[in-house]
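Residues 127 to 243 in the numbering used here are what the sequence shown spells out, letter by letter.
The beta-carbon is built from N, C-alpha and C at its ideal position, and this holds for glycine as well.
Just below is one structure, and these are the notes that go with it.
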Amino acid sequence: VALLMACIGTYGVMAYTVSQRTRELGVRVALGATPAGVLRLVLGGALRLVGIGIVIGLAGVVAMSRGLQAILVGTRATDPLALSAVALALAAVTAASSWVPARRATRVDPMEALRAE
Numbered sequence: 127v128a129l130l131m132a133c134i135g136t137y138g139v140m141a142y143t144v145s146q147r148t149r150e151l152g153v154r155v156a157l158g159a160t161p162a163g164v165l166r167l168v169l170g171g172a173l174r175l176v177g178i179g180i181v182i183g184l185a186g187v188v189a190m191s192r193g194l195q196a197i198l199v200g201t202r203a204t205d206p207l208a209l210s211a212v213a214l215a216l217a218a219v220t221a222a223s224s225w226v227p228a229r230r231a232t233r234v235d236p237m238e239a240l241r242a243e
């Protein structure tokens, strides 16, 4: 359930961000940005944010490992396999949920984006 909520939340934030940046993306496309470049820009921003979140989360786990150890059964709080699996799952969910808004950003018509507002 938490992973589904993370996916929905990431999709919502990225869709909102792309809609707010429509004019900027339209200017970039008008100046010669390729669809692959726009896709990299949007996905790179999302993955950069999730990377920062993973680093902060891992630091929090290490800092709270003693308290977490009491509620975990059968594993250590700093188990590298479990932590890396969670980090990879969150990165994959972020990439998947950011894909649709990123693809939408590649289809921005420069004339429509510049006419808006």
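Figure out for me which residue from Ala228, Asp235, Val127 has the closest Cα to the Cα of Arg166. Ala228
Which stretch, first to last residue, makes up the alpha helix (DSSP H) that contains Arg202? Run containing Arg202: none; DSSP gives neither H nor E here.
For Ala172 and Leu151, the rounded distance between their alpha carbons: 16 Å
Hey, out of Tyr142, Arg192, Ala211, Ala185, whose CA is closest to Ala231's CA? Tyr142
Roughly how many angstroms lie between the CA atoms of Val234 and Thr136, to the nearest whole one? 21 Å
Write down the C-beta distance between Val164 and Arg154 rounded to the nearest angstrom, noting that I regard them as a contact closer than 8 Å. 6 Å
Just mark Ser145 as buried or exposed, buried being the case when its beta carbon has 16 or more other beta carbons within 10 Å. Sixteen is the threshold: since fewer than 16 other Cβ atoms of the shown chains lie within 10 Å of the Cβ of Ser145, the residue is exposed.
Hey, out of Gly193, Ser191, Gly179, Leu216, whose CA is closest to Val127's CA? Leu216
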